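Chemist: Just passing along the structure, written as structure tokens.
Numbering (the working numbering), first residue to last: 22 to 223.
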């Protein structure tokens, strides 16, 4: 039984991995389940066993990308640190460095940030994206509020504004890297870049 479950998980992972390539090369709108099945080296029946349709696959990729990110923020927030701002800086650095170390993550992020227009049936993803963004916003605001409560961040600053600024800064780094991956190393540059951002508030 365990082997069957493991095989099912491996098949699902193979389908998602293949879908990233097919969506990226064909476009999500033009991509077909048959193309995804062929790329994953499975039958269309195997695809339908795991996913209802193409949109379901796309949403699974979205969850694969965003849930671990938000969970890592929540886990960091729940721990006790003398300087929450420093902890948030570390989380941002670690997540950014992971992008350079994980080719699959690069491909998935490129799909969502650079190659998808969320048209047609994918419009449903915009609502899910909005909800995920709000959830992330709330967690990040709590980091800044916690830093203010502990006296490591000025009480005059607005956590909501700081969160928006961090989101823009973070997204800018990711997009710049994905568009020009050979231009610089995130492993080398992420600590310096976030040091500039967070250093301003200390």
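C-beta: ideal position from N, C-alpha, C; glycine also. These numbers come from a predicted model, not from an experiment.
How far does the alpha helix (DSSP H) with residue 153 in it reach, from first residue to last?
Modeler: Residue 153 -> alpha helix (DSSP H) spans 144-170.
Chemist: Between the beta-carbon of residue 37 and the beta-carbon of residue 81, is there less than 8 Å?
Modeler: Closer than 8 Å, so yes.
Chemist: Let me make sure I understand the geometry here. Which of 132, 197, 30 has the alpha-carbon closest to that of residue 48?
Modeler: For residue 48, the nearest C-alpha among the options comes from 132.
Chemist: Can you tell me whether residue 68 is buried or exposed, with buried defined as 16 or more other CB within 10 angstroms of its CB?
Modeler: So residue 68 counts as buried.
Chemist: Residue 33 lies in the alpha helix (DSSP H); which residues open and close that run?
Modeler: Counting along the chain, the alpha helix (DSSP H) containing residue 33 begins and ends at 23-47.
Chemist: Applying the 10 Å Cβ sphere with the 16-neighbour rule, what's the burial state of residue 33?
Modeler: It counts as buried.
Chemist: Less than 8 Å separating the beta-carbons of residue 217 and residue 129?
Modeler: No. Outside cutoff.
Chemist: Would you say the region 112-119 touches the region 166-175, given that touching needs at least three Cβ pairs under 8 Å?
Modeler: No, the region 112-119 is not in contact with the region 166-175.
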